[in-house]
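Note that the protein sequences, when read in sequence, are chains A and B. Note that the UniProt record's numbering has the first sequence beginning at 1, numbered continuously upward. Note that the UniProt record's numbering has the second sequence beginning at 1, numbered continuously upward. Beta carbons are placed, not taken as given, at the ideal position from N, Cα and C, and that holds for glycine. Predicted model, so just to flag it, every value in this text is computed and none were measured. For reference, the structure is listed below as structure tokens.
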Amino acid sequence: MSIKLRTPLTEQDTDKLKAGELVEITGTIYTARDAAHKRLIETMEKGDALPFELDGNIIYYVGPTPAKGEQVIGSAGPTTSGRMDKYTPALLEKGLKGMIGKGLRSQEVKESIVKNNAVYFSAVGGAAALISQRIVKSEVIAYEDLGTEGIRKLDVENFPVIVAIDSKGNDYYEIGKQKYLENKNNSLKNLV
Amino acid sequence: MPNKIHVNKLTESVRHMVMECNYTLSPDVKEKLNDFYKREDWPLAKELLAQIIENSDIAHRDQVPICQDTGLVVVFLEVGQEVQLVGGNLTDAINEGVRQGYAQGFLRKSVVEDPINRINTGDNTPAVIHTEIVEGDKVKVTVAPKGFGSENMSKVKMLKPADGKEGVVDFILETITTAGGNPCPPIVVGVGIGGTMEKAAILSKKAAVRSLDKRNDNKYYKELEEELLTKINNLGIGPQGFGGGTTALAVNVEYYPTHIAGLPVAVNINCHVTRHLSKIID
Chain A
1 MSIKLRTPLT
11 EQDTDKLKAG
21 ELVEITGTIY
31 TARDAAHKRL
41 IETMEKGDAL
51 PFELDGNIIY
61 YVGPTPAKGE
71 QVIGSAGPTT
81 SGRMDKYTPA
91 LLEKGLKGMI
101 GKGLRSQEVK
111 ESIVKNNAVY
121 FSAVGGAAAL
131 ISQRIVKSEV
141 IAYEDLGTEG
151 IRKLDVENFP
161 VIVAIDSKGN
171 DYYEIGKQKY
181 LENKNNSLKN
191 LV
Chain B
1 MPNKIHVNKL
11 TESVRHMVME
21 CNYTLSPDVK
31 EKLNDFYKRE
41 DWPLAKELLA
51 QIIENSDIAH
61 RDQVPICQDT
71 GLVVVFLEVG
81 QEVQLVGGNL
91 TDAINEGVRQ
101 GYAQGFLRKS
111 VVEDPINRIN
121 TGDNTPAVIH
131 TEIVEGDKVK
141 VTVAPKGFGS
151 ENMSKVKMLK
161 PADGKEGVVD
171 FILETITTAG
181 GNPCPPIVVG
191 VGIGGTMEKA
201 AILSKKAAVR
211 SLDKRNDNKY
221 YKELEEELLT
231 KINNLGIGPQ
241 GFGGGTTALA
251 VNVEYYPTHI
261 AGLPVAVNIN
271 CHVTRHLSKI
281 ID
């Protein structure tokens with residue numbers, strides 16, 4: 001059973017989420033990947049206003065395919081989050097509460113997640129056709145010249161993710177593997 | 001008399017194949033996913049494999065890309081020495097196929113023209129093309145669009161002859177362990193052993209797009225493939241890196257003679273959306 005979550009995220013939301021839990025997100029999320037992150041940080045450094053409010057919000061690391069026919073958006077699975085590590089702590093400091101991507105994060109990002117009571121979700125990498133069915137509205141709101149890397153405002157319903165790193169810094173990329181291996185060793189022992 | 005083949009046939013084949021392999025998982029990959037789904041007994045891993053299988057069904061049904069990273073197109077050409085290609089430039093013809101397929105198929109354009117200054121070419125060209133001259137009067141074209149979540153986790157290492165099989169196995173396991181959840185496991189592992197640095201890398205790519213049903217003809221390397229698959233799945237990384245018994249669907253090894261002083265090894269990682277499609281043109 002998945003936990004239902006609505007954006008924007010509150011401190012109570014991030015407090016209670018635990019690494020490894022399945023979550024379904026409903027509400028508004030914003031897309032940004034490599035090139036968009038670079039611009040967001042440059043904008044912040046100049047002291048200019050960002051194209052969307054960070055407070056309590058979630059950034060989804062995605063570069064969708066072009067929409068076909070009646071589609072709201074093309075296929076839209078997560079991209080590798082580690083490439084955004086360099087930019088993430090600055091965004092968390094400014095109020096960002098969550099990220100959706102896939103794969104490992106740096107120690108620095110983990111520390112910043114704990115410090116800012118945020119959460120890192122993983123969507124299933126490659127499951128882009130399935131995920132795009134949970135996106136009900138999509139609008140490019142900034143950096144249109146970047147094409148697929150432009151920033152989109154997405155309305156999502158029951159968007160499926162897993163808590164990869166919770167606000168206490170528990171990392172399911174480590175825990176999940178350990179739990180599996182311990183369980184496997186125990187079941188082998190029982191056989192012997 | 002050489003067999004004259006018009007390059008437009010290549011354009012047409014590439015155009016069609018880039019779309020088809022982005023929408024429909026090849027049967028060998030699909031079958032392995034189903035096999036591992038049945039065998040997987042770790043609950044979260046099973047749930048994630050179910051999402052992956054459902055995703056490929058939706059993509060095929062709706063004719064939309066399985067993954068949003070529709071890749072940089074790698075093309076392997078085997079050109080028969082009795083063939084004469086007519087009607088234009090071969091490279092241009094292939095790139096035209098990529099251009100048309102990516103536009104018509106609503107596929108993402110992910111190629112930048114300069115790796116440092118990074119301006120998108122807007123049409124997903126150029127492809128990376130590997131051409132080989134073989135016997136016969138036909139052309140075999142294989143397209144393998146490559147996503148970079150997994151490509152970025154691939155590695156080449158120049159081992160010493162004394163490192164032997166143990167060194168090869170250690171390097172492969174270390175590469176997969178470091179990659180963890182990043183390349184979207186369950187993965188397909190292509191390994192190239194021998195030759196020179198670039199030969200090993202190309203072999204590993206060839207291995208990665210070989211059918212998952214086909215083991216190496218050489219008994220020693222067939223056993224190495226099986227041993228590596230077991231060892232990789234015993235690492236516990238699991239689907240997406242969250243734990244489980246399904247880390248790799250297959251390990252394909254290709255080898256080549258090498259120098260007395262060297263032991264090059266390349267590991268090319270593919271995600272569960274391993275796209276490969278071949279066609280013979282005559």
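Practice problem: Could you confirm whether any beta carbon from chain B is found closer than 8 Å to the beta carbon of Ser-122/A? | Solution: The residue labelled residue 122/A in the question sits at position 122 within the first sequence. Answer yes: the Cβ-Cβ gap between Ser-122/A and chain B drops below 8 Å somewhere.
Quiz item: Between Asp-217/B and Gly-149/B, which are expected to be in contact by the criterion C-beta below 8 Å, what is the C-beta distance as a whole number of angstroms?
Solution: Your numbering for residue 217/B matches position 217 in the second sequence. Your numbering for residue 149/B matches position 149 in the second sequence. Between Gly-149/B and Asp-217/B the Cβ distance is about 31 Å, and since that is not below 8 Å, they are no contact.
Self-check item: Chain-ordered residues of the region 48–70 of chain A with a beta carbon less than 8 Å from chain B
Solution: Val-62, Gly-63, Pro-64, Thr-65, Pro-66, Ala-67 and Lys-68
Self-check item: alpha helix (DSSP H) segments (min. 4 residues) lying fully within the region 57–133 of chain B
Solution: 90–104
Quiz item: Can you give, in chain order, each stretch of the alpha helix (DSSP H) that sits fully within the region 92–178 of chain A and has at least 4 residues?
Solution: 107–115 and 128–132
Practice problem: Just mark Arg-15/B as buried or exposed, buried being the case when its beta carbon has 16 or more other beta carbons within 10 Å. | Solution: In the second sequence, residue 15/B corresponds to position 15, counting from 1. By the 10 Å Cβ count, Arg-15/B comes out buried.
Self-check item: Residue(s) in a DSSP beta bridge with Ala-248/B
Solution: Mapped onto the second sequence, residue 248/B falls at position 248. Ile-187/B, per the DSSP bridge assignment.
Quiz item: In or out: Pro-239/B buried (at least 16 other Cβ within 10 Å) or exposed?
Solution: For the purposes of this step, residue 239/B is taken as residue 239 along the second sequence, with counting starting at 1. Buried: at least 16 other Cβ atoms inside 10 Å.
Quiz item: Can you name the residues that DSSP bridges to Asn-270/B?
Solution: As a working mapping, residue 270/B is identified with position 270 in the second sequence. Per DSSP, Val-188/B.
Practice problem: Confirm, please, whether the CB-CB distance from Gly-192/B to Ile-202/B is below 8 Å. | Solution: Walking along the second sequence from the start, residue 202/B turns up at place 202. Walking along the second sequence from the start, residue 192/B turns up at place 192. Yes, these two residues count as a Cβ contact at 8 Å.
Quiz item: Would you say Ala-127/A reaches chain B, if we count a Cβ-Cβ gap shorter than 8 Å as a contact?
Solution: Here residue 127/A refers to the residue found at position 127 of the first sequence. Closer than 8 Å: yes.
Quiz prompt | Inter-residue CB distance, Gly-236/B and Leu-181/A (contact presumed, cutoff 8 Å) | solution = Position 236 of the second sequence, counted from the first residue, corresponds to residue 236/B. Position 181 of the first sequence, counted from the first residue, corresponds to residue 181/A. About 4 Å; that satisfies the 8 Å criterion.
Quiz item: Counting only beta-carbon atoms, is Thr-79/A nearer than 8 Å to chain B?
Solution: On the first sequence, residue 79/A is found 79 positions in, with the first residue counted as 1. Closer than 8 Å: yes.
Self-check item: Local Cβ density within 10 Å of Val-86/B, reported as buried at 16 or more and exposed below that
Solution: Residue 86/B sits at position 86 when you count from the first residue of the second sequence. It counts as exposed.
Exercise. Would you mind sorting Pro-185/B into buried or exposed? The rule is 16 or more other CB atoms within 10 Å of its CB.
Key: Walking along the second sequence from the start, residue 185/B turns up at place 185. Buried, by the Cβ-count rule.
Quiz prompt | Spatial distance of Gly-63/A from Lys-231/B (CA atoms) | solution = The residue you call residue 63/A lines up with position 63 of the first sequence. The residue you call residue 231/B lines up with position 231 of the second sequence. Cα-Cα distance, rounded: 34 Å.
Self-check item: Beta-carbon proximity of Phe-76/B to Thr-24/B, cut-off 8 Å
Solution: On the second sequence, residue 76/B is found 76 positions in, with the first residue counted as 1. On the second sequence, residue 24/B is found 24 positions in, with the first residue counted as 1. No, these two residues do not count as a Cβ contact at 8 Å.
Quiz item: Any idea which residues DSSP pairs Thr-178/B with across the strands?
Solution: Against the second sequence, residue 178/B aligns to sequence position 178. Paired residue(s): none; Thr-178/B is not in a bridge.
Self-check item: Contact check, Pro-145/B vs Val-18/B, beta carbons under 8 Å
Solution: Counting from 1 along the second sequence, the entry for residue 145/B is found at position 145. Counting from 1 along the second sequence, the entry for residue 18/B is found at position 18. Cβ atoms of Pro-145/B and Val-18/B: closer than 8 Å.
Quiz item: Just by C-beta distance, which residues in the region 141–155 of chain A are closer than 8 Å to chain B?
Solution: Gly-147 and Thr-148
Quiz item: What in chain B is Cβ-close to Gly-82/A, meaning under 8 Å?
Solution: Mapped onto the first sequence, residue 82/A falls at position 82. Those within 8 Å of Gly-82/A in chain B are Asn-182.
Practice problem: Consult DSSP for Ile-5/B and reduce its assignment to one of helix, strand or coil. | Solution: Residue mapping note: residue 5/B aligns to position 5 of the second sequence, counting from 1. Note: Ile-5/B maps to strand in three-state DSSP.
Quiz item: Who are the near neighbours of Ala-67/A in its chain, counting only those whose CB is closer than 7 Å to its CB and skipping five residues on each side?
Solution: In the first sequence, counting from the first residue as 1, residue 67/A sits at position 67. Only Ile-73 and Gly-74 meet the Cβ criterion.
Practice problem: Spatial neighbours of Gly-194/B within its chain, please: CB distance less than 7 Å, with the 5 preceding and 5 following residues excluded, ordered by chain position. | Solution: Locating residue 194/B in the second sequence gives position 194, where the first residue counts as 1. The answer, listed in chain order, is Ala-200, Tyr-255, Tyr-256, Pro-257, Thr-258 and Pro-264.
Exercise. List the endpoints of the continuous beta strand (DSSP E) containing Gly-63/A.
Key: Residue mapping note: residue 63/A aligns to position 63 of the first sequence, counting from 1. Run containing Gly-63/A: none; DSSP gives neither H nor E here.
Quiz item: Relative to the alpha-carbon of Thr-274/B, which residue among Asn-34/B, Leu-212/B and Thr-246/B has its alpha-carbon at the smallest distance?
Solution: The residue given as residue 274/B occupies position 274 in the second sequence. Checked all of Asn-34/B, Leu-212/B and Thr-246/B; the closest Cα to Thr-274/B is Leu-212/B.
Practice problem: Consult DSSP for Met-1/A and reduce its assignment to one of helix, strand or coil. | Solution: Here residue 1/A refers to the residue found at position 1 when the first sequence is read from its first residue. In the structure shown, Met-1/A sits in coil (DSSP, three-state: anything other than H, G, I, E or B).
Self-check item: Closer than 8 Å to chain B by CB, Ala-36/A
Solution: Within the first sequence, numbered from 1, the residue matching residue 36/A stands at position 36. Output row for Ala-36/A: interface = no.
Practice problem: Tell whether a beta-carbon distance below 8 Å holds between Ser-26/B and Gly-71/B. | Solution: Residue numbering aside, residue 26/B sits at position 26 when the second sequence is read from its first letter. Residue numbering aside, residue 71/B sits at position 71 when the second sequence is read from its first letter. Not closer than 8 Å, so no.
Quiz prompt | One or two residues paired with Glu-182/A in a DSSP bridge | solution = What you label residue 182/A is simply residue 182 of the first sequence in a count that begins at 1. Partner(s): none; Glu-182/A has no beta bridge.
Self-check item: Three-state secondary structure (DSSP) of Tyr-23/B
Solution: Working through the second sequence from its first residue, we reach residue 23/B at position 23. If DSSP states are grouped into helix, strand and coil, Tyr-23/B belongs with the helices.
Exercise. Find out if the Cβ-Cβ distance for the pair Ile-5/B, Val-139/B is shorter than 8 Å.
Key: As a working note, residue 5/B is residue 5 in the second sequence. As a working note, residue 139/B is residue 139 in the second sequence. In this structure, Val-139/B lies closer than 8 Å to Ile-5/B by Cβ.
Quiz item: Can you find a CB in chain B that lies within less than 8 Å of the CB of Leu-96/A?
Solution: Within the first sequence, the letter at position 96 stands for residue 96/A. No - not a single Cβ of chain B is within 8 Å of the one on Leu-96/A.
Exercise. Establish whether the CB of Gly-74/A and some CB of chain B are separated by less than 8 Å.
Key: For the purposes of this step, residue 74/A is taken as residue 74 along the first sequence, with counting starting at 1. Cβ-Cβ to chain B under 8 Å: yes for Gly-74/A.
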